[in-house]
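Presented below is the structure to which this report refers.
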Amino acid sequence: MRPLILVLEGFHGVRDGMRRESVTLDLESLPAGLIALKGPNGAGKSTLMDNLHPYRIMPSHAAKLSVDAFSYWDHVRGPQAQKTLEWEHANVRYRSTFTFRKPGKTNKAEYFLAWRDKAGLWQPFSAPDGTKSDGKADTYDRCVESVCGSLESFFTSVFSAQNRRPLASYNAGEIKSLLAELLHIDHLRALSAKAADVAKVLAGSLDSIQRELAALSQKRETLAATERGIAADADAIAGARREREGLLATAQTLAQQRATLAAKQAELATAEARVRELAKQRGDINESLSRIASQATELTRRLGERRAALAKSIASHEATLAQRGSIEGAQAQCDQAQLAIGREEAAIQALQAEIVELGHRQTALVDANADMTSLQGQGQSKAALLKTLQQQAAVIDQVPCAGHAMHTTCPLLAQARDASAKAAEQRVSIESLRANYRERKAIVDKLTPVVAALAPKRDALKKASDALAKARSELQQATALAARKPLLEAAVTGLADARSELASADAQLSQVAEHRDCETKRLQGALRDIETEASRLSASDVTSAIAGLDRQIVANREASTALDARIEALIRQLATREIQRDAMQTELAGFDATRLRAERLSDEIAHWKLLARGLGNDGLVALTIDDAGPALTQTVNDLLLGCYGPRFTVEVRTQRALASGDLREGFEILVHDADNDSTKPVSVMSGGQKVWINECLTRGIALYLARNAGEPYETLFSDESDGPLDPARKVQFMKMKREVLRQGGYAREFFISQTPDLVIEADAVIDVEAMAA
Numbered sequence: 066m067r068p069l070i071l072v073l074e075g076f077h078g079v080r081d082g083m084r085r086e087s088v089t090l091d092l093e094s095l096p097a098g099l100i101a102l103k104g105p106n107g108a109g110k111s112t113l114m115d116n117l118h119p120y121r122i123m124p125s126h127a128a129k130l131s132v133d134a135f136s137y138w139d140h141v142r143g144p145q146a147q148k149t150l151e152w153e154h155a156n157v158r159y160r161s162t163f164t165f166r167k168p169g170k171t172n173k174a175e176y177f178l179a180w181r182d183k184a185g186l187w188q189p190f191s192a193p194d195g196t197k198s199d200g201k202a203d204t205y206d207r208c209v210e211s212v213c214g215s216l217e218s219f220f221t222s223v224f225s226a227q228n229r230r231p232l233a234s235y236n237a238g239e240i241k242s243l244l245a246e247l248l249h250i251d252h253l254r255a256l257s258a259k260a261a262d263v264a265k266v267l268a269g270s271l272d273s274i275q276r277e278l279a280a281l282s283q284k285r286e287t288l289a290a291t292e293r294g295i296a297a298d299a300d301a302i303a304g305a306r307r308e309r310e311g312l313l314a315t316a317q318t319l320a321q322q323r324a325t326l327a328a329k330q331a332e333l334a335t336a337e338a339r340v341r342e343l344a345k346q347r348g349d350i351n352e353s354l355s356r357i358a359s360q361a362t363e364l365t366r367r368l369g370e371r372r373a374a375l376a377k378s379i380a381s382h383e384a385t386l387a388q389r390g391s392i393e394g395a396q397a398q399c400d401q402a403q404l405a406i407g408r409e410e411a412a413i414q415a416l417q418a419e420i421v422e423l424g425h426r427q428t429a430l431v432d433a434n435a436d437m438t439s440l441q442g443q444g445q446s447k448a449a450l451l452k453t454l455q456q457q458a459a460v461i462d463q464v465p466c467a468g469h470a471m472h473t474t475c476p477l478l479a480q481a482r483d484a485s486a487k488a489a490e491q492r493v494s495i496e497s498l499r500a501n502y503r504e505r506k507a508i509v510d511k512l513t514p515v516v517a518a519l520a521p522k523r524d525a526l527k528k529a530s531d532a533l534a535k536a537r538s539e540l541q542q543a544t545a546l547a548a549r550k551p552l553l554e555a556a557v558t559g560l561a562d563a564r565s566e567l568a569s570a571d572a573q574l575s576q577v578a579e580h581r582d583c584e585t586k587r588l589q590g591a592l593r594d595i596e597t598e599a600s601r602l603s604a605s606d607v608t609s610a611i612a613g614l615d616r617q618i619v620a621n622r623e624a625s626t627a628l629d630a631r632i633e634a635l636i637r638q639l640a641t642r643e644i645q646r647d648a649m650q651t652e653l654a655g656f657d658a659t660r661l662r663a664e665r666l667s668d669e670i671a672h673w674k675l676l677a678r679g680l681g682n683d684g685l686v687a688l689t690i691d692d693a694g695p696a697l698t699q700t701v702n703d704l705l706l707g708c709y710g711p712r713f714t715v716e717v718r719t720q721r722a723l724a725s726g727d728l729r730e731g732f733e734i735l736v737h738d739a740d741n742d743s744t745k746p747v748s749v750m751s752g753g754q755k756v757w758i759n760e761c762l763t764r765g766i767a768l769y770l771a772r773n774a775g776e777p778y779e780t781l782f783s784d785e786s787d788g789p790l791d792p793a794r795k796v797q798f799m800k801m802k803r804e805v806l807r808q809g810g811y812a813r814e815f816f817i818s819q820t821p822d823l824v825i826e827a828d829a830v831i832d833v834e835a836m837a838a
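Numbering (the working numbering), first residue to last: 66 to 838.
What follows is the structure, given as structure tokens:
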């Protein structure tokens, strides 16, 4: 793949770095060799480099080597943008056109691939499998991969982007997939996948057959159970028929016995009449026993109720007579209570009058005390005011003009003269207050001892009131007891009558019990005589025996009918099971053939799985990679030796030893250091050494492909791959680039470097800064 013309329009990198809306880069006229892109950081170099290929990705901005991990919409601006790249591969000129439009809220992108025919006309590209470039992303990707190979192989071998993933970090599965594509043996992996698909399809068919076999196995078990059921039904039918024959024999025997008893029954008609008469007498006696027991129970209940009423009346009369002494002395208590009531009422009346009078005096004492308090406060206020007025009036006698004519007319002494006049009035008012205070004090001194007697009078009134209430209560109780005096005679008479009636009720109860016991014994004796005679007569009675035989005959007939129904059901069940057995035997006739088909299909699946494994990553792919490993390692080591000297030697191991000593497929890159006589993985080397070794690995893969591929890539790309290297190594780095171009037959390598010495050694320079508007 060789880029010829690049046109970018509406890209952020072009607008921000070159201050231009679009840029056109003509690469067709550049010389062969190393082509450097030169410019300061942010000038747009990586934007140009990331678009010098036909794939739908800018590799330095992608999280991984996949179009799904990158979006052009993060790098274009404005309502529309476009990328046009004309490139050449295998002497055919192609043109990739990417258009990005934002007509509204949605984004629309189209990707077209065209090729130029011999007449110089551009034609839409169609892949060998019939895929045609129609503007869709997936069809474009398939078309480009049909020309240049997969995206992963291109960016792993010939395009070294910034932030690219080093080969040493690839796991065994990833490196196998990558090397299989690079070695053009990915068709083996495709065949392995097809073989696995065939095995999967066959496995589906085998599952169906195995389910059929499982169903047939279940039917075989069902058939065995059905045959066991048929045998059980046959045994049940035979047993039921034997049981029915036994019932028929029993029925004949019962019929003969009943005929014998029927003949005997005609001779016993007289005995039957006597038995019926005895049964009627038995019923009459039982009815009499029930009537006697009921009458005795009713009389006992009534007498019990009467005895309870008499006992209650006796208890009442006895309680009244027990209070005879209190009732007879109640009148004297009434007289004493009335005397006490009169005495206490008189005392209460006198105390109430005294308390009323003392209450008036207590009110006067309270008013006098209040007046004294008020007069005392007024006196204190007026005394303070008098003192103030006297101090103001004393100024009259203390001024120097005292005794002069102007002394009485001096305006400065007007306040003092006014205070002197008010002081005289204040003295009179104070004297009046003192006189009133002495009058109130005399009243208080007089009333205080009188009012002190009010509390004892109130206590005496309370005691008199309590005594009056007690006397009235005693009078009420004594009056109630005195009113019951006429009841004493009635209680004596009633008590005697009640005791007499109680004795009569007890005698009646005894008579009722004796009569009930006597009649019960008599009737029970008669009942025993009837039972004895009935037992004697029933010993020769055959009616009950005939009835028992009739019941047995009916039960025998019902059992025979049930057995007939059971036998019929068993016969139907047996026929049904035989039909089911015949049907299942017909279905199971192909069981062995189905099993043989399943076994053959299982063997076929095993063969296809073995083929899928043999053609897959762990089979021919692994063997081919192992065969290519020495040649690839030799190419890398030749680069290291020619460019960097004999210090480092690379070893690519495609197998790793297990703890058991067995080997398993793997991938590991080891570096042998001749100066330090040590071996270590690339992952533990210094940053510059990692770049050095990884770049040799990448270019070694590119050289291997250039020597073995039918149509090798013509151009290499690298974006600031020399960053961590020291100045001496950077010079060797350029030497390696030229060596790779020479050995691989590449026409050009486009590279970006911030090292001026490397840019000077380039065969041509694209000054990105000079392209800025």
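Glycine included, C-beta positions come from ideal geometry on N, C-alpha and C.
Bridge partners - residue i, DSSP secondary structure assignment
i      : result
Ile100 : Phe815 and Ala829
Phe165 : Ala146 and Ala174
Thr89  : Val72
Leu781 : Glu814
Phe713 : Asp738
Val157 : His154
Lys745 : Val736
Asn224 : A quick correction: the sequence has Phe, not Asn, at residue 224. Phe224 pairs with Phe782.
Val141 : Phe76
Arg718 : Glu733
Trp180 : Tyr159 and Gln188
Own chain residues within Cβ distance below 7 Å of residue i, not counting five before or after
i      : result
Phe76  : Thr112, His140, Val141 and Ala146
Thr820 : Asp787 and Lys795
Ala361 : Val577 and Arg581
Arg642 : Thr291, Gly294, Ile295 and Asp298
Arg564 : Ile379
Val209 : Pro119, Tyr120 and Leu178
Own chain partners of residue i with C-beta closer than 6 Å, once the 5 adjacent residues on each side are dropped
i      : result
Leu319 : Leu614, Gln617 and Ile618
Met83  : Gly109, Met836 and Ala837
Ala127 : Ala134 and Phe135
Lys487 : Leu454
Beta-carbon proximity of residue i to residue j, cut-off 7 Å
i      : j      : result
Ser136 : Gln227 : no
Leu14  : Leu354 : Outside the displayed range of the chain (66 to 838) lies residue 14, so it cannot be described from this structure.
Ser211 : Ala184 : no
Phe224 : Phe782 : yes
Ile670 : Leu267 : yes
Ile495 : Lys452 : no
Val493 : Leu430 : no
Unbroken alpha helix (DSSP H) run spanning residue i, endpoints
i      : result
Ser198 : Segment: none, Ser198 is in no alpha helix (DSSP H) and carries neither H nor E.
Pro124 : Taken as a continuous stretch (DSSP letters only), Pro124 belongs to no alpha helix (DSSP H), as it is neither H nor E.
Phe190 : No alpha helix (DSSP H) contains Phe190, which DSSP labels as neither H nor E.
Met66  : Careful: Met66 lies outside any alpha helix (DSSP H) and carries neither H nor E.
Lys110 : Lys110 to Asp115
Cβ neighbour criterion (16 or more within 10 Å) applied to residue i
i      : result
Pro59  : With the chain covering only 66 through 838, there is no way to say anything about residue 59.
Trp842 : Past the edges of the chain, shown from 66 to 838, lies residue 842, and the structure says nothing about it.
Trp673 : buried
Lys745 : exposed
Glu410 : exposed
Ser222 : buried
His425 : exposed
Gln699 : exposed
Sequence-distant residues of its chain with Cβ nearer than 8 Å to residue i (five each side left out)
i      : result
Tyr502 : Met437, Leu440, Gln441 and Gly444
Pro144 : Arg166, Lys167 and Pro168
Glu308 : Leu628
Ala570 : Leu368, Arg371, Arg372 and Leu375
Ile70  : Thr89, Leu90, Asp91, Leu92, Glu93, Thr149, Leu150 and Glu151
Arg900 : Examination of residue 900 is not possible in this model, given that the chain is present from 66 through 838 alone.
Gln417 : Leu526
First through last residue of the beta strand (DSSP E) which encompasses residue i
i      : result
Lys800 : It is not in any beta strand (DSSP E) - Lys800 instead sits in the alpha helix (DSSP H) that spans Pro792 to Gly809.
Contact with chain B by residue i, beta-carbon distance below 7 Å
i     : result
Asp81 : This model lacks chain B altogether; it includes just one protein chain.
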